[in-house]
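Colleague: Quick one: structure below, then a few questions.
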Amino acid sequence: PGDTPLIGYTWRGKFYFDKVLPMGLRTACYAAQSISDMVSYLHEAHGFFLLNYVDDFMGCELMDKAWAGFYSLRNLLEDMGAIEEKTKAEPPDTCLSFLCVGFDTVAFRMFVTEDRITVYNKLCSPGTYFPFQITQLPF
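Read left to right, the sequence shown gives residues 1 to 139 (my numbering).
The structure is reproduced here in structure tokens:
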């Protein structure tokens, strides 16, 4: 609150302020991660596993608890007044992606997702210089 005058701006005689934490703000990522950690703690207190990274969540449950965990997290976010991005919410499945890493629990493997491979291919066009060489992925 004390920084509010520093993060607003004027344009055509009107004042504008962000209603949410701008991700370029030094403390915004820390604040978002702290809130996500709290959500994970509360969800785990209900008996479900939840992994989080800033504003992304991934649950991991046995098949008989998967749907209960999915709806429990949805209800928890709703009770907290958080807005769930429905297009990002993936229902329970044996194969999913999280932070551009795919997980297949049937084949018991992890893999780089197709969208990430596309980005790597664009970055690694002929003549691109990298100060390091990727020889092996860590998984």
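Virtual Cβ for every residue (Gly too), placed ideally from N, Cα, C.
Using the rule of at least 16 other Cβ atoms within 10 Å of the residue's Cβ for burial, across every protein chain shown, is asparagine 121 buried or exposed?
Modeller: exposed
Colleague: Check whether the Cβ of alanine 68 lies closer than 7 Å to any Cβ atom in chain C.
Modeller: Among the chains in the structure shown there is no chain C, since it carries only a single protein chain.
Colleague: Please report the distance separating the alpha-carbon of leucine 96 from that of glutamate 90.
Modeller: 8 Å
Colleague: If distances are taken between C-alpha atoms only, which option among Leu50, Leu6, Leu99 comes closest to proline 22?
Modeller: Ranking Leu50, Leu6, Leu99 by Cα distance to proline 22 puts Leu6 first.
Colleague: Under the DSSP definition of a beta bridge, which residues are partnered with arginine 109?
Modeller: Asp104
Colleague: Please report the straight-line C-alpha distance between phenylalanine 108 and leucine 99, rounded to a whole angstrom.
Modeller: 18 Å
Colleague: In chain order, what residues of the same chain have a beta carbon less than 6 Å from the beta carbon of aspartate 104, not counting five sequence neighbours either side?
Modeller: Cys95
Colleague: Would you decide whether glycine 24 is buried or exposed? Buried here means 16 or more other CB atoms lie within 10 Å of its CB.
Modeller: exposed
Colleague: What number of angstroms, rounded off, separates the C-alpha of glycine 8 from the C-alpha of alanine 28?
Modeller: 15 Å
Colleague: Run through the DSSP bridge pairs and tell me what asparagine 52 is partnered with.
Modeller: Phe57
Colleague: In angstroms with no decimal places, state the Cα-to-Cα distance between glutamate 61 and phenylalanine 70.
Modeller: 9 Å
Colleague: Out of Trp11, Gly81, Ala68, Asp93, which has the shortest C-alpha to C-alpha gap to valine 106?
Modeller: Asp93
Colleague: Can you list, in chain order, the residues of its chain with a C-beta nearer than 8 Å to that of phenylalanine 48? Leave out the 5 residues immediately preceding and following it.
Modeller: Gly59, Glu61, Lys65, Ala68, Gly69, Ser72, Leu73
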